[in-house]
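Engineer:
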Amino acid sequence: MLKNVLLILVAAVMVWSCGNQQAEQKEQTVEEEVVVVDEKPVALSLAEFDEKAETFVGKEIILEGTVIHVCKHGGQKMFITADDPDVRIKITTTDETAAFDPELEGSDIKVVGIVEEIEAEVVGEGKHAEGEEEGHEEDAEHENYYHKPQYSLKCIKYAVVENTPEEK
Amino acid sequence: MAKLKWRKWFRVIHRDFGYLFFGVTLVYAISGIAINHLNDWNPNYVITASDIQTNIDHQSEKDDILAMLEENGERKNYKNHYFPSENGLKIFLKNGVVYVNLNSGKGLIEKSKRRPMFREMNYLHYNPIKYWTWFSDLYAGALIALAITGLFLVRGKKGITGRGAWLTVLGILIPLIYLFIYFY
């Protein structure tokens with residue numbers, strides 16, 4: 029009896045492992061359908077991104093800027109900026125793009141990606157971030173910042189733009 | 003019907019999975035230790051920092067920045083620069099970065115050098131791409147199989163009916179005790 033139970037258990041583990049792969053494959057197929065767009069990507073400047081991003085959600089665009097930060101842990105996100113350092117756009121990887129290399133920092137890059145709305149990072153409705161005391165109130169400035177929709181770019185591909193030192 | 007020799011199959015599974023996943027086990031184990039201690043070190047890069055005093059201020063332009071880098075032997079490494087804040091300047095170098103306080107002129111040169119092996123292993127540990135996720139799921143399944151089959155490799159008083167049982171229970175209790183103390 030015990031032998032059979034153990035054999036079934038091992039078999040179940042193996043099936044579960046394979047099942048996970050199939051589920052992911054299925055999910056990816058759906059994702060690919062969403063990602064495919066017929067329109068040619070529109071090039072936006074970083075300055076107009078904030079203003080126009082809402083109309084481009086789910087669509088492909090091109091951005092160009094300087095990489096000012098790459099997440100050092102997993103390289104799953106980076107930020108680019110242009111003339112105005114206050115404008116920083118978050119670029120994230122997809123399942124199919126490899127992690128960003130931290131050595132990209134300081135490079136000028138051209139990114140093709142899909143605009144997506146960043147899910148609210150603030151905890152509201154009675155929920156509190158770790159370490160935050162119960163009853164904490166967000167101040168007005170805080171609220172304005174976080175309650176404005178934020179957008180990022182899901183990177184499909186990118187290329188480093190080579191500049192001569194004189195061009196910079 | 004021939005009797006199924008389950009113990010033999012467990013040994014075969016344990017042995018072959020052990021061989022097959024030896025490499026990736028080392029990758030996850032070594033990078034796991036490295037990442038566990040992020041507060042103590044940078045597992046991907048060896049960072050060296052040195053303080054500098056510069057003449058850079060709010061009026062400085064690119065030529066001044068390049069001249070300052072020349073003085074500090076970093077002119078050839080210049081990549082780019084920007085002003086992240088009203089009083090701050092960040093200069094990107096090949097393999098490094100320079101921070102300058104525009105009010106005081108004080109700066110910090112941080113040079114980074116890749117840690118061979120660790121960087122690659124940490125990269126894999128962070129699940130960089132979906133194909134690796136597939137493989138690591140498979141590996142996770144194999145670890146479960148290794149754990150289960152491992153329980154039944156040895157018979158007798160050192161096996162799962164003797165010493166093995168005590169050690170197994172201890173191994174389960176350690177995370178449970180931790181959870182009761184720190185989680186619940």
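So the protein lines, in turn, are chains A and B. Take 29 as the starting number for the first sequence in the numbering used here and just add one per residue. Take 3 as the starting number for the second sequence in the numbering used here and just add one per residue. Here a beta-carbon is modelled for each residue, glycine too, at the ideal position from N, C-alpha and C.
(1) In angstroms with no decimal places, state the Cα-to-Cα distance between B/E1 and B/G75.
(2) Given B/F94, which residues of its chain have a CB within under 7 Å of its CB, disregarding the five upstream and five downstream residues?
(3) Report yes if the C-beta distance between A/P130 and A/K100 is below 8 Å; otherwise report no.
(4) Decide if the region 103–118 of chain B is in contact with the region 47–59 of chain B; the criterion is three or more beta carbon pairs, one per stretch, under 8 Å apart.
(5) Please report the residue range of the beta strand (DSSP E) in which B/F85 lies.
(6) Once DSSP output is grouped into helix, strand and coil, what is the label at B/F182?
(7) Is there a C-beta anywhere in chain B that falls below 8 Å from the one on A/E133?
(8) Roughly how many whole angstroms lie between the Cα atoms of B/N103 and B/H16?
(9) Between A/G141 and chain B, is there a C-beta pair that is closer than 8 Å?
(10) Going by the beta-carbon positions, is the gap between A/T122 and A/K182 smaller than 8 Å?
(11) Here's the rule: buried if 16 or more other CB atoms are within 10 angstroms of the residue's CB, otherwise exposed. What is A/E153?
(12) From this set, A/V70, A/G134, A/L72, which residue's C-alpha is nearest B/L91's C-alpha?
(13) Looking at C-beta atoms only, is the number of pairs between the region 120–138 of chain B and the region 26–36 of chain B that lie closer than 8 Å three or more?
(14) Would you call the CB atoms of A/V85 and A/E147 closer than 8 Å?
(15) How is B/S138 classed by DSSP in three states: helix, strand or coil?
(16) Going by DSSP in three states, A/E144 sits in which element: helix, strand or coil?
(17) Kindly list, in the order they appear in chain B, the residues whose Cβ is closer than 7 Å to that of A/T94.
(18) Would B/F94 count as contacting chain A if we go by Cβ distances under 8 Å?
(19) Between the Cα of B/T151 and the Cα atoms of B/I183, B/F137, B/N97, B/G166, which residue gives the shortest distance?
(20) Output, in chain order, the set of chain B residues within a Cβ distance shorter than 7 Å of A/P177.
(21) What residue range does the beta strand (DSSP E) around A/M106 cover?
(22) Against chain B, with Cβ distances strictly below 8 Å, would A/K105 count as a contact?
(23) Look at A/I89 and A/P69 and say whether their C-beta atoms are less than 8 Å apart.
(24) Which whole-angstrom value is the C-beta distance of A/E137 and A/K87, which I expect to be below 8 Å?
(25) Locate the beta strand (DSSP E) running through B/I131, then write down its first and last residues.
(26) Under a Cβ-count criterion, where at least 16 other Cβ atoms within 10 Å of its own Cβ denotes burial, should B/Y141 be classed as buried or exposed?
(27) Run through chain B and tell me which residues come within less than 8 Å of A/K100, C-beta to C-beta.
(28) So with Cβ pairs under 8 Å, would you call A/D123 a contact of chain B?
(29) For A/A126, go through chain B and note every residue whose CB falls closer than 7 Å to its CB, in chain order.
(30) Who are the Cβ neighbours of A/T57 in its own chain at under 7 Å, not counting the five residues just before and after it?
Structural biologist: Looking at the coordinates:
(1) This structure does not reach residue 1 of chain B, given that chain B is present from 3 up to 186, and the question cannot be answered.
(2) The residues are K81, N82, H83.
(3) Yes. Within cutoff.
(4) yes
(5) For B/F85, the enclosing beta strand (DSSP E) starts and ends at 80–87.
(6) helix
(7) yes
(8) Distance between the alpha carbons of B/N103 and B/H16: 59 Å.
(9) False, the Cβ-Cβ gap to chain B never drops below 8 Å.
(10) By the CB criterion at 8 Å, A/T122 and A/K182 fall inside the cutoff.
(11) Caution applies to A/E153, whose pLDDT of 43 falls short of 50 and renders its modelled position unreliable; the value that the coordinates give is listed next. Flag for A/E153 reads exposed.
(12) A/G134
(13) yes
(14) Contact annotation: A/V85 and A/E147 have beta-carbon atoms that are not nearer than 8 Å.
(15) Looking at B/S138 - three-state DSSP - the assignment turns out to be helix.
(16) strand
(17) N82, Y84
(18) yes
(19) B/G166
(20) Those do not exist, as A/P177 stays about 24 Å from chain B at its closest Cβ, beyond 7 Å.
(21) Looking at the DSSP string, the run of the beta strand (DSSP E) that includes A/M106 is 105–109.
(22) no
(23) yes
(24) Looking at the sequence itself, residue 137 of chain A is Ile, so the reference to Glu does not match. In fact, because the Cβ distance is near 20 Å, the residues do not count as touching under 8 Å.
(25) Run containing B/I131: none; DSSP gives neither H nor E here.
(26) buried
(27) N44, N46
(28) yes
(29) P130, I131
(30) The predicted position of A/T57 is uncertain, since its pLDDT is 47 and thus under 50; a value taken from the coordinates is nonetheless stated next. The answer is none, since no qualifying residue turns up.
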